[in-house]
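Residue numbers (numbering that gives the first Met the number 0): 0 to 195.
For glycine and all other residues, C-beta sits at the position ideal for the given N, C-alpha and C.
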Amino acid sequence: MSLKTKLSLAAICLMASGVVAAATPVGNGTLTINGTISASTCTVAPSKTSLTVPNLVPANIDAAAHNAELYKDTVSFDFKDCGAAGNTIVMKLTRDVSAPAGAGGSGALKKAGFSYSNGADSQYSPLYYQMTPSSTANFFMLDGSGNNIDISSVQDKGAFSIPVDLVVKTAVSTGVDTGNYVGNFTAAPTWSVEYP
């Protein structure tokens, strides 16, 4: 059997098994996290200052169901020297861009944040993101209003962490036009921590 025949058979086997070349990511982006804390006697910093959301290619978005989770990662907010802190802190998150129409359905103004362009419909976003504490039921609203976080169970307030999940989901009702898709998005929520 010639080398050419062997290569052809190998290619056929790959196609038959469903193994195909990976799509070129045209929608990769970096989410930056910047923030402040109001109390000078306590310091806090996120464990990650940037998150790259991979594989957001048009085909993947288009194939996913509405409101499907496409990406999830955890960022810990690490507190130090907070011995004088009380039992409650307030964390505020504010998205950096206007909420696109249709991005999150009901409540989109509090959840949408990706600036996404598919050519003809740049005002619509096929994605939105959420940030929510991993260990509590409180949901971080991305409108700067803030949520109270109960830290009464933290024994050592001199050093503790609050893990926060960042989740990217497809929109409730908006898809992406793969024919016109340009492939760009940005998201950079700012955060702040306060003591009430």
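*In whole angstroms, what is the alpha-carbon distance linking Q129 and V74?*
12 Å
_Please report the straight-line C-alpha distance between P132 and N54, rounded to a whole angstrom._
25 Å
*Please specify which runs of the beta strand (DSSP E), each continuous and at least 3 residues long, are wholly inside the segment 146–175, giving them in chain order.*
146–149 and 158–169
*Residues near S151 by beta carbon distance below 7 Å, same chain, minus five either side*: N86
_Same chain, Cβ closer than 7 Å to H65, neighbours up to 5 away in sequence not counted_ = T169, A170, V171 and S172
*Please list, in chain order, all residues of the same chain as A63 whose beta carbon is under 8 Å from its beta carbon, the five residues on each side excluded.*
L69 and T169
_Beta-bridge pairing of P45 - partner residues as DSSP gives them_ = F76
*Residue nearest to N146 in terms of C-alpha spacing, selected from P188, D72, L92 and I161*: L92
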